[in-house]
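Here is the structure we will look at, set down as structure tokens.
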Amino acid sequence: MQVDIVTPERRLLSMAANEIQIPGAEGDLTAMAGHAPAMIGLRPGILRAKDGSGEKAYVVTGGFAEVSATSVTILAEMAIPVEEATPAVLDKLLSDASEAAAVNPSKDAADKAFADLAAIKAALSGH
Amino acid sequence: MPSLKDLKNRIGSVKNTRKITKAMQMVAAAKLRRAQDSAEAARPYADRMNAVMGALAASVGTGDGAPKLLAGSGADKVHLLVVMTSERGLCGGFNTTIVRLARAKVAELLAAGKTVKILTVGKKGREQMKRDYGQYYVGHVDLTAVKRVGYADALGIARDVIARFEHGEADVVTLFYNRFQSVISQIPTAQQVIPAVFEGAETTASYDYEPGEEAILADLLPRNVATQVFTALLENAASEQGARMSAMDNATRNAGDMINKLTVVYNRSRQAAITKELIEIISGAEAL
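So the protein lines, in turn, are chains E and F.
Sequential numbering from 1065 applies to the first sequence in the numbering used here.
Sequential numbering from 779 applies to the second sequence in the numbering used here.
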């Protein structure tokens, strides 16, 4: 199935994949060909697109995914290839998130975003 | 009658001006291509966003429970106009057309008894709007240091605007910018972003929403404002370079015409001087 990742500034990825792991707001899910049409909000997490030969992984901070039987379109505000997501980049995101949490009226959501980002950092540094 | 020396200097200075305008035209052409590329690259996101938002908005509706960014604050009293212009001049009528459109809107709103607030993006528009409507002026976003507009810039403006809306300082927010059509034509456009309006809402496939429709909509509405601001900034950047290119093309052509005219005058006066000297020599010789 076709997978596209688009950010406000450009189209980041356009490829054919067998399965796409999506960090959904209400839990991770994997989309494969023939998936029921769905609109899924994203939480900060790692998005993986797998084809026969390997996978491409991106760190996303939010946005949503539009899933249909033949394609997945990810509209992400920011997506960074995992290879480029160095601890320094993640620390920057974390500090931005904690700043946002400080002024955000919906404290729970902001705190959750912060926790999700911290989880990404832990997951990536584990490799 | 200017002396030959004066004419020569004049021609030299116009030639220099022509070199400068020619160079500016070429720089604008290169920047235009880049600006068009960014606008092109941003289109898939904006299009998808608009389609999804349209479908969501249509199914949620503008009832009591609808998010305020979609349904509005329930009043139509305070209008915030975001006037987007360029940071630099020498781009023909680019800034004037936007400001003229904004001015017409201000006059119309004031006549209807509404309260007007003006937020400017870009130095040129600030100067013009401040002169006429200084008392309605609420803020300015400075992008002088920004070489190439990024999403972060749009996000900043969008946050500012949304904060004003949420604090009840504005009921309706409209963006003013030039939509890029071609190098010779830019269309001044007024686009209402809050409450959101969607064109051509698609009502095709029924989606499963996760989390619910309202939650996604509430999450997406602020992003949508930022996306629209970003699109406007990109269109404006491309329009500015297009306008500058055609303005500088005109200037280069005018300079060329002027050089031709001055050269004709210069040659005539030189010939007149030579003839005069010859006559003097001949009549001097005849007198002997």
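We treat Cβ as the ideally placed atom computed from N, Cα and C, and that holds for glycine.
query, result
"Which of helix, strand or coil DSSP assigns to residue 1067/E", "strand"
"Where residue 1128/E sits in the DSSP three-state scheme", "strand"
"Cutoff 7 Å; reference residue 808/F; Cβ partners in own chain excluding five residues on either side", "none"
"Same chain only: Cβ atoms within 6 Å of residue 875/F, ignoring 5 sequence neighbours per side", "966"
"Spatial distance of residue 862/F from residue 784/F (CA atoms)", "44 Å"
"Minimum Cβ-Cβ distance from residue 1136/E to chain F less than 8 Å", "no"
"Residue burial classification, residue 971/F (beta-carbon count within 10 angstroms, cutoff 16)", "buried"
"Beta bridge counterpart(s) of residue 898/F as assigned by DSSP", "861/F and 918/F"
"N-terminal and C-terminal residue of the alpha helix (DSSP H) that residue 951/F is part of", "It is not in any alpha helix (DSSP H) - residue 951/F instead sits in the beta strand (DSSP E) that spans 950-960."
"Through-space distance from residue 944/F to residue 844/F, alpha-carbon basis", "15 Å"
"CB-CB length for residue 1065/E against residue 1081/E, believed under 8 Å", "6 Å"
"Residues near residue 959/F in its chain [Cβ-Cβ closer than 7 Å; skip 5 each side]", "965"
"Residue 1109/E versus residue 1091/E: straight-line alpha-carbon distance, rounded", "10 Å"
"Proximal residues to residue 1180/E (C-beta, below 7 Å), its chain only, five neighbours per side dropped", "1107, 1108 and 1109"
"Alpha carbon of residue 1139/E to alpha carbon of residue 1130/E, nearest angstrom", "8 Å"
"Residue 1178/E at chain F interface by Cβ criterion, 8 Å", "no"
"Helix, strand or coil at residue 987/F according to DSSP, with G and I counted as helix", "strand"
"Alpha-carbon spacing of residue 891/F relative to residue 884/F, whole angstroms", "11 Å"
"Exposure of residue 1042/F, with buried meaning 16 or more beta-carbon neighbours within 10 Å", "exposed"
"Residue 782/F burial status per 10 Å Cβ neighbour count (16 or more: buried)", "exposed"
"Beta-carbon contacts of residue 879/F that lie in its chain and below 7 Å, excluding the five residues immediately before and after", "954, 966 and 968"
"Residue 942/F: CB within 7 Å of a non-hydrogen atom of the ligand MN", "As presented, the structure is devoid of all ligands, the ligand MN included, so that no description of it is given."
"Residue-level contact to chain E via CB, residue 784/F, 8 Å cutoff", "no"
"Three-state secondary structure (DSSP) of residue 973/F", "coil"
"Alpha-carbon spacing of residue 870/F relative to residue 913/F, whole angstroms", "28 Å"
"8 Å Cβ cutoff met for residue 940/F and residue 834/F", "no"
"Selected residue, minimal CA-CA separation from residue 831/F, among 867/F, 787/F, 798/F and 997/F", "997/F"
"Where residue 1185/E falls: helix, strand or coil (DSSP)", "helix"
"Three-way DSSP call (helix, strand, coil) for residue 1154/E in this model", "helix"
"Under 8 Å by beta carbon: chain F residues contacting residue 1071/E", "823 and 929"
"Chain F contacts from the region 1093-1115 of chain E (Cβ-Cβ distance under 7 Å)", "1100, 1101, 1102, 1103, 1104 and 1105"
"Neighbourhood of residue 1137/E by C-beta, 6 Å cutoff - its chain only, sequence neighbours within 5 removed", "1068 and 1130"
"Beta-carbon proximity of residue 1097/E to residue 1111/E, cut-off 8 Å", "no"
"Chain E residues whose Cβ lies nearer than 7 Å to that of residue 831/F", "Going along chain E, no residue has its Cβ under 7 Å from residue 831/F, so there is no contact; the nearest lies around 11 Å."
"Any C-beta of chain F under 8 Å from that of residue 1154/E", "no"
"Endpoints, the alpha helix (DSSP H) within which residue 810/F is located", "782-838"
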